[in-house]
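**Q** These protein sequence lines map, in sequence, to chains U and C. Number 1232 marks the last residue of the first sequence (the numbering used here); no jumps. Number 133 marks the last residue of the second sequence (the numbering used here); no jumps. Sending over a structure as structure tokens; questions will come in a sec.
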Amino acid sequence: MTFIDPNSLPMIGLGRRLNLTGDLSKRAFEGEDMALYDLFIHHLRTGRSMIDGITFTGCRIEGPAIMLVLPGTTFDSTNFGESKGDIGNLVLRPLRSMAIGTIPVMNCAFVGCEFHALGFTGSEAIIDQILAIRSA
Amino acid sequence: MTASTPPSPEHQALIDRTRFEKTAIWLPQFAVVHFNAGLSVIENKVFEDCLIEGPGVILALNGTTFEDCNMGYAEDPKSLLLRGVGPKVVGAVGFFQCRFIQCRFAMISFTGPEGFIENFSGHVRTAATPA
């Protein structure tokens, strides 16, 4: 299951065809695409409560989902996706310390990736960093 | 977004259906079926006695109501809320003119207009401990 019907998306922003991964258990993905919720459910089913320590290089990661950005997660040369004119539209603040329903991502590296239909939340420091993309 | 291929008969039936009773709904998949048909929000549906499962965030748009629902396991109802920083919300699943009646939500949080957030504690009940 993926957000975009591959038939309606001959090429993705990464300059290649959609390439859905066939193995969600990998610790490093390169040039492979996936829905973040599928990856998270795979981790839950294998006894892990978060996506932890995985490297994504040149991947397209889809929602709909809200990523909870936890310490150790980095973004390098990554396209956060269509923000509908305001980077703030990609960001939500939890009203309390919990962020139920979001997908926790810790110690992961996103390099040269693109996101689609993903929102983001996290600590105030993380939120500030994402909002700073506004002026990039 | 416009899909270039029509939905399968099974998906079209899901899109056309306006009433769901005693059904488990996996929110990401339910949303994707609608998104791929070019629908950016889910609208004019009634969910009664359903289990809505995440992970996901529901964007409660105008006319969407929650009647006698169990919104999730949290001692403080505000733990189930997120507030968008911008005027729109990317990544949440929008529901417009939908009714949730006696539904249960798991791994779901909620966002919406400021009025929805302010009134959330008042018109929903949560379970502090699992049944």
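Yeah, the Cβ is synthetic: ideal placement off N, Cα and C, and Gly gets one too.
#1: For Asn1175(U), write down the residues that DSSP places opposite it in a beta bridge.
#2: When you compare the CB of Ala26(C) with every CB in chain U, is at least one pair closer than 9 Å?
#3: Are the C-beta atoms of Ala15(C) and some chain U residue less than 9 Å apart?
#4: Pairs of beta-carbons, one from the segment 1175–1195 of chain U and one from the segment 1217–1226 of chain U, closer than 8 Å: are there three or more?
#5: Name the residue from Thr20(C), Ala108(C) and Asp18(C) whose alpha carbon lies nearest to the alpha carbon of Ala76(C).
#6: Taking 9 Å as the cut-off, decide whether the C-beta atoms of Val1201(U) and Thr1169(U) are in contact.
#7: Thr1153(U) to Met1163(U), Cα distance in whole Å?
#8: Where does Ala1221(U) fall in DSSP's three states?
#9: With a threshold of 9 Å between beta-carbons, can Asn38(C) be considered close to chain U, or not?
#10: Does the CB of Pro30(C) have a neighbour CB from chain U at under 9 Å?
#11: Over what stretch of residues does the beta strand (DSSP E) that includes Pro57(C) continue unbroken?
#12: Going by DSSP, what residues sit across from Ile1162(U) in a beta bridge?
**A** For this structure:
#1: Within the first sequence, residue 1175(U) is the residue found at index 79, counting from 1. Answer by DSSP bridge pairing, in chain order: Glu1210(U).
#2: Stepping through the second sequence from its first residue, residue 26(C) is reached at position 24. No, because no Cβ of chain U sits closer than 9 Å to the Cβ of Ala26(C).
#3: To locate residue 15(C), count along the second sequence from 1; it is residue 13. No, because no Cβ of chain U sits closer than 9 Å to the Cβ of Ala15(C).
#4: Of all C-beta pairs linking the segment 1175–1195 of chain U to the segment 1217–1226 of chain U, three or more are shorter than 8 Å, placing the two stretches in contact.
#5: Here residue 76(C) refers to the residue found at position 74 of the second sequence. If we check each option's Cα against that of Ala76(C), Ala108(C) comes out closest.
#6: As a first step, residue 1201(U) is located in the first sequence; it is residue number 105 there, counting from the start. As a first step, residue 1169(U) is located in the first sequence; it is residue number 73 there, counting from the start. Yes, these two residues count as a Cβ contact at 9 Å.
#7: Along the first sequence, one-based indexing puts residue 1153(U) at 57. Along the first sequence, one-based indexing puts residue 1163(U) at 67. In a straight line, the C-alpha of Thr1153(U) is about 17 Å away from that of Met1163(U).
#8: Reading the first sequence from its first residue, position 125 is the one you call residue 1221(U). If DSSP states are grouped into helix, strand and coil, Ala1221(U) belongs with the helices.
#9: Walking along the second sequence from the start, residue 38(C) turns up at place 36. When Cβ-Cβ separations below 9 Å define contact, Asn38(C) makes contact with chain U.
#10: Taking the first residue of the second sequence as position 1, residue 30(C) is located at position 28. Interface residue, yes.
#11: Residue 57(C) sits at position 55 when you count from the first residue of the second sequence. First-last of the beta strand (DSSP E) with Pro57(C): Leu53 to Ala62.
#12: Here residue 1162(U) corresponds to residue number 66 of the first sequence, with the count starting at 1. Its beta-bridge partners are Gly1215(U).
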